[in-house]
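Numbering (the working numbering), first residue to last: 226 to 429.
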């Protein structure tokens, strides 16, 4: 006898075993979108498109299934220096919550340690967790900064994101080379001019 979960989820083919499980309602929604643009979802080229699109959306929003504690996974270490730690040019891919179009760019993170430092890969994983959600660039910047501050309790922290927004490039004003820059700074990086200058110099 079929369970409710089995009824609401599509069957997974061997080639799909590493893809996220999606609900039939998501597939049906994409099928309706195809019909809404006067396409035929039953033609050969589009037969699997609803399932692929639904799986893609689940992957692109997989950050909703993650939490900060799990991502950090205990990778906090005793700080043996008070020098600034910078992880720059972290590639970032997210979806604009207004049009569900991508924005892509780079994230620069810096912090002045107090008692702890964080495994460098975890900085990138925190960025990834929040980027893999429906976002605005402004909120994404703030969430990354707030999360790392919560984990590290540093003397200062700063996050800058530079991104291209496809909702400005493919539609609307269609400006191909515009870049949006957002920042969130706290503690010494916000209050101390020399520390802020060091931050800006090192990420440039």
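Where is the CB? At the ideal position from N, CA and C, for every residue including glycine.
All of these numbers come straight from a predicted model, not from anything done at the bench.
C-beta contact flag for residue 358 and residue 407 at 7 Å: One-based indexing of the chain shown puts residue 358 at position 133. One-based indexing of the chain shown puts residue 407 at position 182. Against a cut-off of 7 Å, the Cβ pair of residue 407 and residue 358 comes out as no contact.
Cut-off 7 Å between Cβ atoms - residues of its own chain near residue 289, not counting five sequence neighbours on either side: Position 64 of the chain shown, counted from the start, is the residue given in the question as residue 289. In chain order, 358 place their CB closer than 7 Å to the CB of residue 289, counting only its own chain and leaving out the 5 sequence neighbours on each side.
Reduced DSSP category for residue 368 - H, G, I as helix; E, B as strand; rest coil: Sequence index remark: in the chain shown, residue 368 carries index 143 (1-based). In the structure shown, residue 368 sits in a helix (DSSP, three-state: H, G or I).
Whether residue 222 touches residue 279 by CB criterion (7 Å): Here the chain comprises residues numbered 226 to 429, so residue 222 is not present and cannot be evaluated.
Proximity winner among 328, 400, 293, relative to residue 316 (alpha-carbon distances): Counting from one through the chain shown, the residue named residue 316 turns up at place 91. Comparing C-alpha distances from residue 316 to each of 328, 400, 293 shows the shortest one belongs to 328.
Delimiting residues of the beta strand (DSSP E) encompassing residue 346: Within the chain shown, numbered from 1, the residue matching residue 346 stands at position 121. From DSSP, residue 346 is part of no beta strand (DSSP E) but of the alpha helix (DSSP H) over 345 to 356.
Residue 262, buried or exposed, once every other Cβ within 10 Å from all chains shown has been counted against 16: What you label residue 262 is simply residue 37 of the chain shown in a count that begins at 1. Exposed.
Proximity to residue 337 [Cα-Cα], best of 393, 404, 355, 383: By one-based count along the chain shown, residue 337 stands at place 112. If we check each option's Cα against that of residue 337, 383 comes out closest.
Own chain partners of residue 405 with C-beta closer than 7 Å, once the 5 adjacent residues on each side are dropped: Against the chain shown, residue 405 aligns to sequence position 180. The residues are 362, 388, 390.
Residue from 265, 298, 247 with nearest C-alpha to residue 282: One-based indexing of the chain shown puts residue 282 at position 57. For the options 265, 298, 247, the alpha carbon positioned closest to that of residue 282 is the one of 247.
Touch test, the stretch 348 to 355 against the stretch 364 to 378, Cβ-Cβ under 8 Å, three pairs minimum: Contact holds: three or more Cβ-Cβ distances are below 8 Å.
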